[in-house]
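> This is the structure I have questions about; it appears just below.
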Amino acid sequence: MNVFKLLVTAVLAGTAIYFITGLMAPLFVPQTNLSKSVDELLLEAQAQLGENSSKEINTYPDQTLNARNYDNITRNVAFTCAGSECCPFLENCTQNVGATPEIIRFFKNGKTTLSARCEKSESELHTCNVYVGKIPAQLKFMNVDAPVGTFQAGETITFNMVLFNTGEVDTTAVTARIQVWEKQFENGKEVEKISYENENNLGSISARKTTSTSLSAIPSNQGSYRIIIRASAENAGYVEDEYLLNVGGEIISTCAVDNDTPFEKKYDSFENVCREKRYCTGCGFAFECRNAWESVSTIPQGWYFDTQRGESTFTYILSPTTNGEC
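If you count the sequence shown from 1, position 243 lands on 243 in this note's numbering, and the numbers rise without skipping.
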């Protein structure tokens, strides 16, 4: 074979290798399992209602998600854009991704953020939004200055707080509300009734910015009260803190974790998670028991405290399952 033929052969071989590697390269790029990512985010969001869970993913042309594939007996799912990097339509979209309430479609190679947030509806079904684009607006208490000391019936008690929008999108129509629940006895049973409620309209909070506000409560009688501080916005979920107040006493708690009783871990087939039961002593409410365990626990990534189930004597930690095994 002469030099010319060798040169031609080398050029043809190089060209073939170039095209083959160009075609095959995308097959070897690690691609995010989109469906698994969405399922994981929704599980996290259902365990922490009102709070946003986010994950950055790689995107590739023609990937499509359908919201109906994520509906089940516990939740209803809708898609939405977060930020201008996402088109709120699919036809003629010039961005990396487009989203309608039922479909997310990716048009280009790149990176974007998937987020999920769920709330419970009146029917007990979780209403979940999956966001694509930027991290959506999300409210968080940076600080709540809760009053301490001795109080009398009819005395005004003030909570000062700082609210933070942790998302990358502005939020509007923010409200902060205080509810005072009084413990009473009816027919020999302890019940709770709202004795006072007040709300502040705070307007908007820009992305990554804070605002301050104060809420006051006026307990009308001596006794025990549960106070709920809640901030919410239509496009930013919600955040809550709870406090116990004894009028004539202090905001106190005798709640403690019970390390003597063994944990109970079982598979929950309804939600497809492992449910670990941990016990408490001296707690008056379910949230007290949960908070007590949260303050002393370091749990692995992907594990979450169940904010919807539990009692004053126990709380649950949810963790992923492998084929129904815990």
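Even for Gly, the Cβ is constructed at its ideal location relative to N, Cα and C.
Restricting to Cα atoms, I'd like to know which of Thr175, Pro219, Ile227 is closest to Ser204.
Of Thr175, Pro219, Ile227, the residue nearest in Cα terms is Thr175.
> On a Cα-Cα basis, can you pick out the residue from Asp170, Asn221, Asn96, Gln308 that is closest to Gly248?
Selected option, being the one with the closest Cα: Asn221.
> Does the distance from the CB of Cys118 to the CB of Arg75 come in under 8 Å?
Yes; because the gap between Cβ atoms is below 8 Å, this pair is in contact.
> Grouping DSSP H, G and I as helix and E and B as strand, with all else coil, what is Leu125?
Three-state DSSP puts Leu125 in coil, outside helix and strand.
> How big is the Cα-Cα spacing for Thr80 and Gly154?
Using only the alpha carbons, I get a separation of about 46 Å.
> Beta-carbon within less than 8 Å of Lys209's beta-carbon, same chain only, minus the 5 sequence neighbours each way: which residues are those?
Taken in chain order, the residues that qualify are Phe164, Asn165.
> What three-state label does DSSP hand Lys108 in the structure shown?
Reduced to three states, the DSSP call for Lys108 is coil.
> For the alpha helix (DSSP H) that contains Ala34, what are its first and last residues?
Strictly speaking, residue 34 in this sequence is Leu, with Ala absent from that position. Leu34 -> alpha helix (DSSP H) spans 34-47.
> Could you pull the start and end residues of the beta strand (DSSP E) that Arg177 belongs to?
Per DSSP, Arg177 belongs to the beta strand (DSSP E) from 171-186.
> Could you tell me whether the Cβ atoms of Asn96 and Phe89 are closer together than 8 Å?
In this structure, Phe89 does not lie closer than 8 Å to Asn96 by Cβ.
> From the DSSP output, read off the bridge partner residues of Phe141.
BP columns for Phe141 point to Leu163.
> Check each candidate in Asn235, Lys277, Ile178, Ala233 and name the one with the smallest Cα separation from Glu242.
The shortest Cα separation from Glu242 among Asn235, Lys277, Ile178, Ala233 belongs to Ile178.
> Where are the beta strand (DSSP E) runs, 3 residues long or more, that stay fully inside the segment 191-241, in chain order?
For the segment 191-241, whole beta strand (DSSP E) runs of length 3 or above, ordered along the chain, are 210-217, 223-232.
> What are the boundary residues of the beta strand (DSSP E) that includes Phe305?
Segment 304-311, the beta strand (DSSP E) holding Phe305.
> Helix, strand or coil for Ala286 per DSSP?
Correct three-state label for Ala286: helix.
> For Ala231, count neighbouring Cβ atoms within 10 angstroms of its own Cβ and tell me buried if that reaches 16, exposed if not.
The residue in question, Ala231, is buried, as its Cβ has 16 or more Cβ neighbours within 10 Å.
> Among the candidates Glu102, Ala137, Phe141, whose CA atom is the shortest distance from the CA of Ile228?
Selected option, being the one with the closest Cα: Phe141.
> Comparing alpha-carbon positions, which option in Ile135, Phe151, Lys193 lies nearest Asp170?
Nearest of Ile135, Phe151, Lys193 to Asp170, Cα basis: Ile135.
> Provide the residue span of the beta strand (DSSP E) that contains Arg278, from first to last.
Unbroken beta strand (DSSP E) run through Arg278: 273-281.
> Hey, is the segment 192-204 in contact with the segment 258-266, meaning 3+ C-beta pairs nearer than 8 Å?
Because the criterion of three Cβ pairs below 8 Å is not met, the segment 192-204 and the segment 258-266 do not touch.
> Assign Lys111 to one of two classes, buried (16 or more other C-beta atoms within 10 Å of its C-beta) or exposed (fewer than that).
Exposed, by the Cβ-count rule.
> Measuring only the C-alpha atoms, how far is Lys108 from Asn200?
Each residue's Cα considered, the two are about 44 Å apart.
> With a CB to CB cut of under 8 Å and the five nearest residues on each side skipped, what residues in its chain are close to Thr172?
Contacts found: Gly203, Ser204, Ala233, Glu234, Asn235.
> Should Gly310 be labelled buried (16 or more other beta-carbon atoms within 10 Å of its own) or exposed?
So Gly310 ends up on the buried side.
> Pull up the DSSP beta-bridge partners for Ala99, would you.
DSSP output for Ala99 lists Ile104 as bridge partner(s).
> Which first and last residues belong to the beta strand (DSSP E) in which Tyr267 is found?
Segment 264-268, the beta strand (DSSP E) holding Tyr267.
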